[in-house]
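Everything below concerns the one structure shown next.
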Amino acid sequence: MGFTNTITLISNSEEQIEQITSKLVLLRDLDKITNCSFDGAVDFLKNTLPNVIIIHCANDNPDALKLIKEIRQENILSEAPILFIDDNCSRETIIDAFDLGINDILKYPAQDYELLIRTIWCIQKNEININRHSQIEFMKLLGVIQADTGVYTQKYCEEFLKSRFEQAISHKENACIILIAPDSKYPGYKNPKEFLEVINKSIRLNDTVAIKDIDEFYIFLPKTKLNGVYPVFERINNNLGVDCGANASVLEIKDEKFEIAKNYLQEALNKAKEETNALIVASSAYSKDPNAGKNLAKQPLSEPDKKINPQQLAQKTDIALNDEKKSKLYRQAYRQKCKIVFEPVFEKYQNYINAKIKNVKTKYEATVEKSGFVMLKDNTRATLSIAYAGEYKVRIDTSLVSFDIVKSSNTTVLDFVQLSFQKLSQILDELYVEFKNYVKNSD
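Residues 1 to 443, numbered by this note's numbering, are exactly what the sequence shown covers, in order.
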């Protein structure tokens with residue numbers, strides 16, 4: 001870490017500034033500690049350019065979330081590490097803070113050692129960011145990556161991917177590669193750069209994009225198996241909007257060299273282009289993948305058949321004994337999903353719908369036993385319910401009923417990890433639009 005760092009604490013409480021600053025001074029006597037209130041904080045930060053920003057948020061202060069958003073919108077501050085100090089905040093505020101881009105959170109009051117560890121981690125992250133930007137700027141000068149998009153250029157695309165394939169194979173790392181292109185509905189007036197911007201917006205921090213052709217792009221996903229690819233693909237299509245989308249092929253890297261894999265990816269992409277929003281699993285040259293040719297956007301993953309040797313057969317008994325424990329773990333995870341996903345989404349849409357439609361009644365439940373959302377006006381009712389559908393799966397049922405006659409219904413089964421804020425919001429939004437249009441046409 002650098003010899004001297006600047007740490008800026010932002011709070012509207014003079015008492016908390018004094019307490020936290022005094023701890024930081026004792027813990028990090030080589031660092032410069034500055035502070036300010038929320039008013040004028042962005043200008044203060046632009047003049048100070050701290051290595052770490054600490055934001056003290058008390059009692060769900062909305063100014064804290066507003067400040068985080070403003071910081072992330074400033075290019076010079078957009079990647080500065082933010083440590084969020086939670087002083088009696090609700091989970092909704094904490095979730096919103098993470099969505100806006102904080103890097104870490106600390107519950108107040110905190111132990112001295114915890115404040116030290118979190119601050120040091122943020123300082124290290126800042127140094128990593130600085131080194132990464134230095135390397136990126138150098139590669140821009142060499143023409144290895146594009147200056148405006150930050151993706152690998154077509155000229156160096158294959159060299160980059162050959163290197164990543166070799167690294168993944170030699171270290172036996174889980175990794176996947178996507179070949180993606182806009183679908184036939186993608187507007188002709190939009191250039192490939194706009195499609196590329198959507199990809200950059202949708203991928204994860206460690207994923208990398210390389211240009212294959214004018215409208216085809218590779219996405220390398222490190223530390224990822226097939227079940228982790230679909231959420232990335234789904235985000236891309238969601239960010240493209242309802243009027244157009246993307247088709248893609250995907251291959252889980254095992255023993256294939258890139259020179260061989262690229263041909264299988266192209267064949268699968270050509271097949272995907274025959275559909276809409278398709279994600280086709282490419283064939284493998286060295287292993288028989290049971291998912292090869294499957295559209296992951298429509299079908300769940302299959303596990304490969306394995307011969308059971310005597311030792312594995314003996315282990316089956318132990319696995320059976322652990323089933324109850326796994327079930328309990330799933331229920332715990334499901335309970336957390338109810339708290340941090342279902343309830344915030346339901347509450348958000350309840351407030352939104354009540355403000356948009358007159359004389360409508362809405363109610364929701366978000367519990368392990370029962371989770372659902374209901375919209376009711378006169379004799380028309382729209383219902384969304386979420387239920388356990390087997391280990392690590394959830395089932396979502398939606399229906400529109402008028403005068404006790406079912407007008408429409410739909411069932412979706414998702415892997416547990418796929419049920420995100422965005423996915424649940426999308427399903428609920430589609431149901432709301434259907435309900436609103438039906439009520440409007442009935443009046």
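Note that beta-carbon positions come from the ideal geometry of N, C-alpha and C, so glycine has one too. Here the structure is a predicted model, which is why all the values come from computation and not from measurement.
In the DSSP annotation of this structure, Asp255 is not part of any alpha helix (DSSP H), being labelled neither H nor E.
If only complete runs of 3 or more residues are kept, the segment 333 to 384 shows the beta strand (DSSP E) at 361 to 366, 371 to 377, in order along the chain. Under DSSP, Asn410 shares a beta bridge with Thr398.
The C-beta separation of Ala246 from Val151 comes to about 16 Å, leaving the pair out of contact by the 8 Å criterion.
By the Cβ criterion, the segment 126 to 144 is not in contact with the segment 200 to 219, since fewer than three pairs of Cβ atoms, one from each stretch, lie closer than 8 Å. Taking Lys223 as the centre and dropping the five residues before and after it, the same chain places the C-beta of Glu173, Asn174, Ala175, Asn206 closer than 8 Å to its C-beta, in chain order. Under the three-state reduction of DSSP output, Asn35 falls in the strand class. For Thr383, the closest C-alpha among the options Asp86, Leu414, Ile340, Lys436 is that of Lys436. Nearest neighbour of Tyr218 by Cα position, chosen from Ile177, Leu226, Pro192, turns out to be Ile177. Going by DSSP, Lys212 is part of the beta strand (DSSP E) stretching over 208 to 213. Within the same chain, Cβ atoms closer than 8 Å to the Cβ of Thr21 are found at Leu9, Ile33, Asn35, the five residues on either side in sequence being excluded. When C-alpha distances from Ser170 are compared across Pro192, Val232, Lys254, Ser90, the shortest belongs to Lys254. Taking the Cα positions, Ile353 is about 8 Å away from Val360. Separation of the CB atoms of Ser284 and Leu240 is rounded to 29 Å, and the pair is thereby denied contact status at 8 Å. Excluding the 5 residues flanking it on each side, Asn51 has same chain C-beta neighbours closer than 6 Å at Asn5, Thr6, Ile123, Asn126, in chain order. Asp96 carries a helical assignment under DSSP once its states are collapsed to helix, strand and coil. Counting only residues of its own chain and dropping the five nearest sequence neighbours on each side, Thr93 has a CB closer than 6 Å to the CB of Asp60. Per DSSP, reduced to three states, the secondary structure at Asp415 is strand. For Lys423, the uninterrupted alpha helix (DSSP H) segment begins and ends at 421 to 442. Between the C-alpha atoms of Asn291 and Val281 there is a straight-line separation of about 6 Å.
Shown here, Ala41 sits in a helix according to DSSP, grouped into three states.
With a 10 Å radius around the Cβ and a threshold of 16 neighbouring Cβ atoms, Asn351 comes out exposed. The beta carbons of Ile180 and Ala248 sit about 4 Å from each other, so the pair counts as a contact at 8 Å.
Here Asp63 has Phe38 as same chain residues with Cβ atoms under 6 Å from its own Cβ, once five neighbours each way along the sequence are excluded. Closest in C-alpha terms to Arg132, from the list Glu79, Glu194, Ile203, comes Glu79. With the rule of 3 Cβ pairs closer than 8 Å, the segment 186 to 198 does not count as touching the segment 158 to 169. Under the three-state reduction of DSSP output, Ala292 falls in the coil class, being neither helix nor strand. Membership of Thr6 in the beta strand (DSSP E) is indicated by the continuous run 6 to 10. With 16 or more neighbouring CB atoms inside 10 Å of its own CB, Asp87 falls in the buried class. For Ala41 against Leu67, the beta-carbon gap comes to about 6 Å, under 8 Å, which counts as contact. Taking C-alpha positions only, Val439 is separated from Asp404 by approximately 15 Å.
If you check the CB distance, Tyr108 and Ile130 do not come in under 8 Å. DSSP places Tyr264 within a helical segment (H, G or I) once states are collapsed to three. Per the DSSP secondary-structure output, Cys57 pairs in a beta bridge with Asp86. Under DSSP, Phe217 forms a beta bridge with Ile180, Ile211. In the structure shown, Ala278 falls within a coil segment according to DSSP collapsed to helix, strand and coil.
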